[in-house]
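One structure is given below, encoded as structure tokens.
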Amino acid sequence: MQLIWLRSDLRLHDNTALSAAAARGPTVAVYLLSPQQWQEHDDAPCKVDFWLRNLAELSTALGQLNIPLLIRSAAHWNQAPKVLLELCHELNIGAVHVNEEYGINETRRDQAVAHALDKVGVTFNSYLDQLFFAPGTVLTKTGTYFQVFSQFRKVCYERLRHSLPGIVAAPGKQAKLSISSDKIPASVDGFATPPDSLRALWPAGEA
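Quick note: UniProt numbering has the sequence shown finishing at residue 207, numbered continuously throughout.
Encoded structure:
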């Protein structure tokens, strides 16, 4: 069984980790609710509400492909390894798939999860998805960082001219699993639901 751990990539189409997971076998998706971490990041209530509404849309889309979307709580990201280990044990997961995120806390979270999973023989696969190039891979000929933006831009454009990434296909429909999707909460404690006038400015769903 494959597990796609969704984070800031709440979409069905052009989702590298989701496509890779589905290509390897029966797949389940999970999203972690982390209100304490969100508060530390000063995430606005309207932002959290936007995530929840997108999760509801994505759950419906994944359901049409027989990919259940599970919701788990890890109030702080330091709880993520334990929560994901328990889920992997429960579902007999062989590999976890994620799209790379590059913030300091995000990087530490993923390193901790990867280390915990490795101890029990679960593979942690991360994919370049949100960027054209991984941070630190566009360098001068001497292997140092650019100090002039125009030179950096020129190298980026040249690399893209030779190898522009294609759009990743959405996964196909899989055989139905004996696992049901969880209900997406309408709100999370600590984050008030914004007025409809504000929600209307950011409609949920893929563009």
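Using N, Cα and C, we set each Cβ at its ideal position, and we do this for glycine too.
Say whether the stretch 18-30 touches the stretch 158-177, bearing in mind that this needs 3 or more beta-carbon pairs closer than 8 Å, one atom from each stretch.
-> yes
DSSP bridge partner residues for residue 220 (one or two, in chain order) | No answer is possible for residue 220: the residues shown for the chain start at 1 and end at 207.
For the beta strand (DSSP E) that contains S73, what are its first and last residues?
-> For the purposes of this step, residue 73 is taken as the residue at position 73 of the sequence shown. Counting along the chain, the beta strand (DSSP E) containing S73 begins and ends at L69 to S73.
To the nearest angstrom, report how far apart P35 and L6 are at their CA atoms.
-> Counted from its first residue, the sequence shown places residue 35 at position 35. Counted from its first residue, the sequence shown places residue 6 at position 6. Distance between the alpha carbons of P35 and L6 is about 16 Å.
Rounded straight-line distance, which links the Cα of D129 to that of N15 = Residue 15 sits at position 15 when you count from the first residue of the sequence shown. Residue 129 sits at position 129 when you count from the first residue of the sequence shown. Each residue's alpha carbon lies about 7 Å from the other.
Please list, in chain order, all residues of the same chain as L91 whose beta carbon is under 8 Å from its beta carbon, the five residues on each side excluded.
-> As a first step, residue 91 is located in the sequence shown; it is residue number 91 there, counting from the start. Only M1, L3, V28 and I179 meet the Cβ criterion.
Spatial neighbours of A61 within its chain, please: CB distance less than 7 Å, with the 5 preceding and 5 following residues excluded, ordered by chain position.
-> On the sequence shown, position 61 is the one that residue 61 refers to. Cβ within range, chain order: L12.
Segment contact, 8 Å Cβ cut-off, at least three pairs: the stretch 44-58 with the stretch 121-139 | Contact between the stretch 44-58 and the stretch 121-139 is absent: fewer than three C-beta pairs spanning the two stretches fall below 8 Å.
Reference A170, options A56, L55, L65 and K119, closest by Cα = For the purposes of this step, residue 170 is taken as the residue at position 170 of the sequence shown. It is L65 whose Cα lies nearest to the Cα of A170.
Which ranges does the beta strand (DSSP E) cover as unbroken runs of at least 3 residues, wholly within the stretch 161-205, from first to last along the chain?
-> none
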